[in-house]
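J.: Take the sequence shown: its position 278, counted from the start at 1, is 291 in the working numbering, and no numbers get skipped.
Quick one: the structure is below, questions incoming.
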Amino acid sequence: MYPVFDKVTKPFKKLASAGREQFDQWFLQDTHRFTITGLSRSGKSMLFTSLMTILKHRSEGQYNCLPLLTRLPMELVEHMRLEPIDGYTLFPLEEHLSELDNRRWPQPTEQVYGFKLIVRLKQIARVKQWLLPYTDVVFEFIDYPGEWVTDLPMLNKTYSQWSDSTWAQQASEPQSHFAGGWQQFVREFDFESSPTSEKVQQLLDAYLRYLHEAKQQGISMLQPGSFLLDSDGYDWRKAGFTPLPAKITSDVSHPWNQLFSQHFLQFQSQWLNPLKQSTFKEADKQIILIDLFEGLNHSKQHLYQLKETLSHLAETFVYGNPNWFSRHVLNKSQIGKVAFVATKMDLAPAAQHDNMLSLLKDISAGAVAKFADKPIKFEHFLVSAIQTTDADSEADSLRFLNANREYVEASFEPIPDAIKAMPADEHFPLLNAQVPDDYLPRILNGRGLDRLLQFLLE
Ligand SMILES: Nc1nc2c(ncn2[C@@H]2O[C@H](COP(=O)(O)OP(=O)(O)OP(=O)(O)O)[C@@H](O)[C@H]2O)c(=O)[nH]1
Ligand SMILES: [Mg+2]
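Okay, here's the thing in structure tokens:
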């Protein structure tokens with residue numbers, strides 16, 4: 014009934030057996046662990062970079078960038094520091110900032126990074142009203158390549174189940190447009206001869222050509238996404254696999270089925286499972302980043318495909334795990350929080366933001382339905398990590414730096430407020446906005462982060 018009281022008294026019950034360090038943790042630190050889920054290129058690294066920059070400026074009292082964040086008032090923050098999380102490489106904030114300083118976007122992430130942001134609060138009486146008796150508020154963030162997250166649903170499948178569903182997906186739009194070459198290759202492939210490493214390599218090469226091409230063309234559900242990276246994750250050159258036609262996957266004695274089933278098991282046990290345990294630790298607050306522009310830029314079918322991907326992820330990610338509920342939600346008698354966040358909002362004129370929000374709700378409806386009977390609160394947000402564009406005198410136009418670094422104007426047709434409102438033969442041009450020279454004030458002027466943090470801290 015009195016959550017504050019409960020939080021403060023609970024540790025006493027165990028105090029006798031706890032050391033000083035534990036005592037400090039219970040009493041002086043309030044830790045928030047955020048899982049940030051986002052498909053590849055959805056804007057995770059840029060969001061972290063902005064968040065750090067904004068909070069740093071805010072804590073140094075230079076600029077109140079997050080006016081709506083009343084839960085963590087600027088005048089109560091003494092200082093802030095970044096610290097590594099045990100077992101993780103520190104997030105390369107300086108590197109990202111220096112890329113921006115050279116007018117380049119941060120590189121795609123190829124490994125996992127972790128960091129803690131520790132906000133030290135001033136010890137004045139008002140703090141207690143706001144944030145209980147804590148000295149530090151700790152935020153933990155994990156940044157990782159987006160390709161990894163789409164592989165997690167593979168944990169719940171056998172090789173033949175995965176292969177059959179992937180094969181079926183490739184036969185439907187929009188994937189079918191890009192899968193032709195790969196499927197032709199398989200049709201002509203000799204599966205009667207035994208799977209030598211050379212033959213496996215040929216098949217893998219053909220499949221990877223498809224994965225790379227489809228990624229280039231805005232397809233989000235590509236498995237295994239880990240195979241798209243050359244970092245030292247899973248060694249797919251040594252124990253890789255591809256989907257195979259149903260006549261092979263339905264025959265358990267088929268040598269190709271046997272070999273790929275074995276490699277698939279290895280992929281699950283040596284790569285996916287440890288990845289889920291370490292990187293995707295369960296948290297009671299989850300942020301799901303979504304880039305609507307990618308889909309709008311390609312086609313209506315791409316938007317449907319994005320919706321389907323999100324719904325798969327919601328099912329198999331954190332909330333599909335029954336233990337998560339008992340440990341994190343039911344025990345604490347509190348509700349989980351999920352924020353659906355559409356990123357890069359500076360790329361659409363403000364006059365179109367209502368439609369964007371409504372489109373975001375449509376795209377996330379399948380995922381939301383998965384939470385329907387659970388104690389989870391969710392909300393939708395529009396965010397820009399950096400304001401690369403400027404408003405124009407026309408409400409439906411924007412000005413921005415194009416690929417040639419010329420300051421140009423673009424005007425917009427109304428953005429559809431739902432997938433079905435998008436004409437099947439249309440697509441929306443994506444502004445290829447460059448990193449502006451005055452990137453720092455434009456980061457500080459990003460939109461929506463205060464409302465997002467407030468929702469998560471409440
Ligand atoms: N205009 C604009 N572009 C953005 C913003 N955030 C990200 N971008 C663009 O989106 C691209 C991808 O952003 P990242 O933050 O690298 O995406 P990510 O989710 O970390 O991607 P991976 O590391 O590949 O999973 C960037 O290179 C930018 O071009 C934003 O707030 N505004
Ligand atoms: Mg990244």
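From the three backbone atoms N, C-alpha and C, an ideal C-beta is built for every residue, glycine too.
Owing to the predicted nature of the structure, the values given are computational and were not obtained by experimental measurement.
(1) State whether the segment 428-436 contacts the segment 383-396, with contact taken as three or more CB pairs (one from each stretch) at a distance under 8 Å.
(2) Using the Cα positions of Thr171 and Ser189, report the straight-line distance between them to the nearest angstrom.
(3) My parser needs the alpha helix (DSSP H) runs of 4 or more residues fully inside the segment 96-134; what are they?
(4) Report back the beta-carbon spacing between Gly246 and His276 to the nearest angstrom; my notes put them in contact at under 8 Å.
(5) Which two residues bound the contiguous alpha helix (DSSP H) that contains His440?
(6) Would you tell me roughly how many angstroms separate the C-alpha atoms of Leu278 and Asp149, rounded to the nearest one?
(7) Counting only runs of 4+ residues fully inside the segment 194-240, write out the alpha helix (DSSP H) ranges in chain order.
(8) Between Gly246 and ligand 2, is the CB less than 8 Å from at least one heavy atom?
(9) When you compare only the Cα positions, how much space is there between Ala408 and Met369?
(10) State the CB to CB distance for the pair Leu305 and Leu372, rounded to an integer number of angstroms; the pair is presumed to be in contact (CB under 8 Å).
(11) Any heavy atom of ligand 1 closer than 8 Å to the Cβ of Gly308?
(12) Give me the Cβ distance between Leu134 and Glu91, rounded to the nearest whole Å; I'm assuming they're in contact under 8 Å.
(13) Given a cut-off of 9 Å, decide if Leu302 and Val354 are closer than it, judged by their beta-carbon atoms.
(14) Take the Cβ of Lys260 as the centre, count every other Cβ of all protein chains shown within 10 Å, and call the residue buried at 16 or more, exposed below.
(15) Please determine, among Leu52, Ile300, Thr44 and Phe413, the residue with the shortest C-alpha to C-alpha distance to Thr163.
(16) Output needed for Ala227: all residues of its chain with C-beta closer than 8 Å, excluding positions within five of it in sequence on either side, in chain order.
(17) Inspect the beta-carbon positions of Phe394 and Gly461 and report whether they are closer than 9 Å.
(18) Taking the straight line between their C-alpha atoms, what separation do you get for His225 and Pro237?
(19) Taking a cut-off of 7 Å, which residues have a beta-carbon closer than that to any heavy atom of ligand 2, in chain order?
(20) Say yes only if the C-beta of Arg418 is nearer than 8 Å to one or more non-hydrogen atoms of ligand 1, and no if none qualify.
(21) Excluding the five sequence neighbours on either side, which residues of its own chain have a C-beta within less than 8 Å of the C-beta of Ser5, listed in chain order?
(22) On the three-state DSSP scale, how would you describe Glu153?
(23) Give the DSSP-derived three-state secondary structure of Val448 in the structure shown.
(24) Considering only residues of the same chain and omitting the five flanking positions on each side of Lys69, which have a CB-CB separation below 7 Å?
(25) In angstroms, rounded to a whole number, what distance separates the CA positions of Leu106 and Thr262?
(26) Quick check: the Cα distance between Gly333 and Ala327, rounded to an integer number of angstroms?
(27) Identify whether Phe61 lies in helix, strand or coil by the three-state DSSP scheme.
(28) Please check if any C-beta of chain C sits within less than 9 Å of the C-beta of Gly127.
(29) What residues match up with Tyr420 in a beta bridge as DSSP calls it?
(30) Nearest to Thr255 by alpha carbon, out of Pro208, Leu443 and Glu307?
(31) Are there three or more Cβ pairs, one per stretch, closer than 8 Å when the segment 204-222 is compared with the segment 170-186?
(32) Give every residue of the same chain whose Cβ lies closer than 7 Å to the Cβ of Tyr452, excluding the five residues on either side of it in the sequence, and list them in chain order.
(33) For a test of the three-state rule: what should DSSP assign to Thr179, helix, strand or coil?
(34) Hey, could you find the ends of the alpha helix (DSSP H) Gln283 is sitting in?
(35) Under three-state DSSP, which class holds Asp403?
(36) Taking the alpha carbon of Ser54 as the reference point, which residue from Gln197, Pro119 and Ile98 has its own alpha carbon closest?
T.: On the basis of the coordinates in this document:
(1) No: fewer than three Cβ pairs fall under 8 Å.
(2) Here the alpha carbon of Thr171 sits roughly 24 Å from the alpha carbon of Ser189.
(3) Fully enclosed alpha helix (DSSP H) runs of 4 or longer: 106-114.
(4) Gly246 to His276, Cβ: 15 Å. No contact.
(5) That residue, His440, is in no alpha helix (DSSP H); it is neither H nor E in DSSP.
(6) Using only the alpha carbons, I get a separation of about 43 Å.
(7) Qualifying alpha helix (DSSP H) stretches, in chain order: 210-229.
(8) Taken from the Cβ of Gly246, every heavy atom of ligand 2 lies 8 Å or farther away.
(9) When rounded, the distance between both Cα atoms is 15 Å.
(10) In this structure, Leu305 and Leu372 form a Cβ contact; the two beta carbons are roughly 6 Å apart against a cut-off of 8 Å.
(11) Taking 8 Å as the cut-off, the C-beta of Gly308 does not count as close to any heavy atom of ligand 1.
(12) The C-beta distance from Leu134 to Glu91 rounds to 6 Å, short enough to fall under 8 Å.
(13) Their beta carbons are under 9 Å apart, which means Val354 touches Leu302 by this criterion.
(14) Exposed is the call here.
(15) Cα-wise, what sits closest to Thr163 is Leu52.
(16) Closer than 8 Å at Cβ, skipping near neighbours: Gln188, Phe191, Ala192 and Leu235.
(17) For Phe394 and Gly461, yes; Cβs fall inside 9 Å.
(18) Taking the straight line from one Cα to the other gives about 11 Å.
(19) Listed along the chain, these residues meet the criterion: Lys57, Ser58, Pro119, Pro121, Thr122, Asp156, Pro158 and Gly159.
(20) False, no ligand heavy atom lies under 8 Å from that Cβ.
(21) Since the displayed the chain opens at 14 and closes at 471, residue 5 lies outside it and no answer follows.
(22) Look at Glu153 here: in three-state DSSP terms it is strand.
(23) In this structure, Val448 counts as coil in the three-state DSSP scheme.
(24) Contacts found: Met93.
(25) Between Leu106 and Thr262, the C-alpha separation is close to 46 Å.
(26) Note on Gly333: pLDDT 43, under 50, position unreliable in the model; the coordinate value appears next. It is roughly 7 Å from the alpha-carbon of Gly333 to the alpha-carbon of Ala327.
(27) Helix, per DSSP.
(28) Absent from the structure: chain C. Only one protein chain is present.
(29) Bridge partners of Tyr420: Leu414.
(30) Considering only alpha carbons, the answer is Pro208.
(31) The answer is no - the segment 170-186 does not touch the segment 204-222, with fewer than three Cβ pairs under 8 Å.
(32) Taken in chain order, the residues that qualify are Leu113 and Ile399.
(33) In the structure shown, the three-state DSSP call for Thr179 is helix.
(34) Taken as a continuous stretch (DSSP letters only), Gln283 belongs to no alpha helix (DSSP H), as it is neither H nor E.
(35) Of the three classes helix, strand and coil, the one that applies to Asp403 here is strand, per DSSP.
(36) A quick correction: the sequence has Arg, not Ser, at residue 54. The shortest Cα separation from Arg54 among Gln197, Pro119 and Ile98 belongs to Pro119.
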